[in-house]
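Numbering (this note's numbering), first residue to last: 33 to 415.
Just so you know, even glycine gets a beta-carbon here, dropped at the ideal spot from N, CA and C.
Notes follow the structure.
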């Protein structure tokens, strides 16, 4: 038996076009999506394009099948911009709000890469072709930013689907788009290069170079260290806080995870330099910053300010490619060479993963001092 042909559309040119089930072409040239709701009533909404009407209809049917449909949701067409703002405000990771710096990073990616393309679009109408066109147009000369922007878009769309604002599946399905090959290959500094770099730095920052390397603290951990955090008797730095710069303001925060709260043993060969620095360059009192801003002993040091002296120093040391963060990488490599096990190394660096957290429980407390002792021998060998 032959299937009946769908009637043509009286509005379309030639009247041959048949539209999807549940969609009617109006004399106004708009497309009306009609839906029979769970309460037995019919609801409808009009759109400029049939694609938008189909997407809305799919989203409503998805809500009905999940049992989460409501008349209020059916009447709401949310723009991607509105949804993204709500997502950024309420986003939680492991039950905790986003860190200030993470939120600022997402804000930057949204404003620069995502909202100019998708901001005014109804979130439920974004499809795979839209995402692929956007990805192809996004600047490929900055692959890291493009990968981060794509990952953020994909994550927001996952939430939109979960919240019933997009019918799914996720239109962000470009294999490998969330990953970028690192263009900067870290080459650890040699002992001679570290010595030359330290000597080329102003005296007030020489200890900072040494600690960045031999204790492998992050920049924000170093610049929040205070006199009370330095135990010269035990030879330990007590890392309890870090500072980040967000929208031009310094924010002192606790580490993201418990692994970031740690005591890091100082190689004994550095202790004389630590004591000298405390006498000459640290403000008095337990809250005195170890590495304050040059013109204000109560203010945190900015990385841009540090680079004014670090940049010429690294060139003088023959390593113009060496970034400040590469000193931490160098320290991790040297600690591994000293015999640190993977759990000990992660503990010293303040790294945390679900797998590593289990291993930390079995690390002997005295091993960090042994690692620092071996690091100290390396320092003395390079002098």
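query = Which residues in the same chain have their Cβ closer than 6 Å to the Cβ of residue 314, if we skip the five residues on either side of it in sequence?
reply = Residue 314 sits at position 282 when you count from the first residue of the chain shown. Excluding sequence neighbours, residue 314 sits near 259, 320, 322.
query = With distances taken between CB atoms, is the gap from residue 146 to residue 110 smaller than 8 Å?
reply = For this step, residue 146 is matched to residue 114 along the chain shown. For this step, residue 110 is matched to residue 78 along the chain shown. No.
ask   = residue 316 to residue 310, Cα distance in whole Å?
value = The residue you call residue 316 lines up with position 284 of the chain shown. The residue you call residue 310 lines up with position 278 of the chain shown. Answer to the nearest angstrom: the Cα atoms are 9 Å apart.
query = According to the Cβ coordinates, are residue 401 and residue 305 closer than 8 Å?
reply = Taking the chain shown and counting its residues from 1, one reaches residue 401 at position 369. Taking the chain shown and counting its residues from 1, one reaches residue 305 at position 273. No Cβ-Cβ contact shorter than 8 Å links residue 401 with residue 305.
key: First through last residue of the alpha helix (DSSP H) which encompasses residue 112   = Here residue 112 refers to the residue found at position 80 of the chain shown. First-last of the alpha helix (DSSP H) with residue 112: 112-122.
query = Per DSSP, residue 56 forms a beta bridge with which residues?
reply = Indexing the chain shown from 1 puts residue 56 at position 24. BP columns for residue 56 point to 64.
Pairwise C-alpha distance: residue 83 and residue 76 = Taking the chain shown and counting its residues from 1, one reaches residue 76 at position 44. Taking the chain shown and counting its residues from 1, one reaches residue 83 at position 51. So the two alpha carbons sit approximately 15 Å from each other.
ask   = What does a CB cutoff of less than 7 Å around residue 341 pick up in its chain, not counting 5 residues either side in sequence?
value = As a first step, residue 341 is located in the chain shown; it is residue number 309 there, counting from the start. Contacts found: 233, 234, 237.
query = If you scan the stretch 167-216 from start to end, which runs of the alpha helix (DSSP H) of 4 or more residues do you find wholly inside it?
reply = 175-194
message = Going by DSSP in three states, residue 372 sits in which element: helix, strand or coil?
response = Locating residue 372 in the chain shown gives position 340, where the first residue counts as 1. Three-state DSSP puts residue 372 in coil, outside helix and strand.
ask   = Do you know offhand how far residue 155's Cα is from residue 112's?
value = As a working note, residue 155 is residue 123 in the chain shown. As a working note, residue 112 is residue 80 in the chain shown. The straight-line gap from Cα to Cα measures roughly 4 Å.
ask   = Any contact of the stretch 290-309 with the stretch 264-277, i.e. 3+ C-beta pairs under 8 Å?
value = The stretch 290-309 makes contact with the stretch 264-277, as at least three CB pairs between them are under 8 Å.
message = Does the structure place the stretch 116-125 close enough to the stretch 92-103 that three or more beta carbon pairs sit under 8 Å?
response = The answer is no - the stretch 116-125 does not touch the stretch 92-103, with fewer than three Cβ pairs under 8 Å.
ask   = Is residue 404 helix, strand or coil by DSSP?
value = Locating residue 404 in the chain shown gives position 372, where the first residue counts as 1. Note: residue 404 maps to helix in three-state DSSP.
query = What are the uninterrupted segments assigned as beta strand (DSSP E) that are 3 or more residues long and contained completely in the stretch 258-311, given in chain order?
reply = 268-271, 274-278, 281-285, 294-297
query = Can you name, in chain order, every residue of its own chain whose Cβ lies under 8 Å from the Cβ of residue 300, other than the five neighbours on each side?
reply = Indexing the chain shown from 1 puts residue 300 at position 268. Cβ neighbours of residue 300 beyond the five flanking positions: 267, 404, 405, 408.
inquiry  = With H, G and I counted as helix, E and B as strand and the rest as coil, what does DSSP make of residue 313?
reply    = Indexing the chain shown from 1 puts residue 313 at position 281. Three-state DSSP puts residue 313 in coil, outside helix and strand.
ask   = For the putative contact between residue 413 and residue 278, defined by C-beta atoms under 8 Å, what is the C-beta separation to the nearest angstrom?
value = Counting from one through the chain shown, the residue named residue 413 turns up at place 381. Counting from one through the chain shown, the residue named residue 278 turns up at place 246. Rounded, the Cβ-Cβ distance is 41 Å, inconsistent with contact.
message = So, with DSSP's three-state summary, where would you put residue 337?
response = Position 305 of the chain shown holds residue 337. In the structure shown, residue 337 sits in a helix (DSSP, three-state: H, G or I).
key: Selected residue, minimal CA-CA separation from residue 223, among 40, 64, 349, 51   = Looking up residue 223 in the chain shown gives position 191. For residue 223, the nearest C-alpha among the options comes from 349.
request  = Assign residue 262 to one of two classes, buried (16 or more other C-beta atoms within 10 Å of its C-beta) or exposed (fewer than that).
outcome  = In the chain shown, counting from the first residue as 1, residue 262 sits at position 230. So residue 262 counts as buried.
Residue range of the alpha helix (DSSP H) that includes residue 94 = The count along the chain shown starts at 1 and reaches residue 94 at position 62. Where residue 94 is concerned, the enclosing alpha helix (DSSP H) stretches over 82-98.
ask   = Does DSSP put residue 227 in a helix, a strand or coil?
value = Within the chain shown, residue 227 is the residue found at index 195, counting from 1. Looking at residue 227 - three-state DSSP - the assignment turns out to be helix.
query = Going by alpha carbons, who is nearest to residue 85 out of 103, 53, 100?
reply = As a first step, residue 85 must be located in the chain shown, where it is residue number 53. Nearest option by C-alpha distance: 53.
ask   = Cα-Cα, which of 377, 345, 71 is closest to residue 248?
value = The residue you call residue 248 lines up with position 216 of the chain shown. For residue 248, the nearest C-alpha among the options comes from 377.
task = Buried or exposed for residue 331, please, with buried defined as at least 16 other CB atoms from any protein chain shown within 10 angstroms of its CB.
result = Locating residue 331 in the chain shown gives position 299, where the first residue counts as 1. Label assigned to residue 331: exposed.
query = Between the Cα of residue 152 and the Cα atoms of 175, 131, 117, which residue gives the shortest distance?
reply = Residue 152 sits at position 120 when you count from the first residue of the chain shown. Of 175, 131, 117, the residue nearest in Cα terms is 117.
message = Short of 7 Å in beta carbon distance, which residues of its chain neighbour residue 252, apart from the five on each side in sequence? Order them along the chain.
response = Position 220 of the chain shown, counting from 1, holds the residue named residue 252. Hits under 7 Å: 274, 275, 276.
ask   = Near residue 358, which residues of its chain fall below 6 Å by C-beta distance, leaving aside the five closest residues on each side in sequence?
value = The residue you call residue 358 lines up with position 326 of the chain shown. Once the five neighbours on either side are set aside, the close Cβ partners of residue 358 are 218.
message = For a test of the three-state rule: what should DSSP assign to residue 73, helix, strand or coil?
response = In the chain shown, counting from the first residue as 1, residue 73 sits at position 41. Three-state DSSP puts residue 73 in coil, outside helix and strand.
key: N- and C-terminal bounds of the alpha helix (DSSP H) containing residue 233   = Taking the first residue of the chain shown as 1, we reach residue 233 at position 201. From DSSP, residue 233 is part of no alpha helix (DSSP H); its letter is neither H nor E.
key: Cut-off 8 Å between Cβ atoms - residues of its own chain near residue 245, not counting five sequence neighbours on either side   = Taking the chain shown and counting its residues from 1, one reaches residue 245 at position 213. Answer for residue 245: 221, 226, 359, 360, 362, 363, 366, listed in chain order.
query = Taking residue 208 as the reference, which of 181, 188, 231 has the closest Cα?
reply = Within the chain shown, residue 208 is the residue found at index 176, counting from 1. Of the listed residues, the one whose Cα sits closest to residue 208 is 181.
message = Using the Cβ count rule (16 or more neighbours within 10 Å means buried), how would you classify residue 280?
response = Numbered from 1 along the chain shown, position 248 holds the residue referred to as residue 280. By the 10 Å Cβ count, residue 280 comes out exposed.
query = From this set, 203, 190, 176, which residue's C-alpha is nearest residue 210's C-alpha?
reply = Within the chain shown, residue 210 is the residue found at index 178, counting from 1. Per the Cα distances, 176.
ask   = Which one or two residues does DSSP pair with residue 79 in a beta bridge?
value = Position 47 of the chain shown, counted from the first residue, corresponds to residue 79. According to DSSP, which records beta bridges pairwise, residue 79 is partnered with 63.
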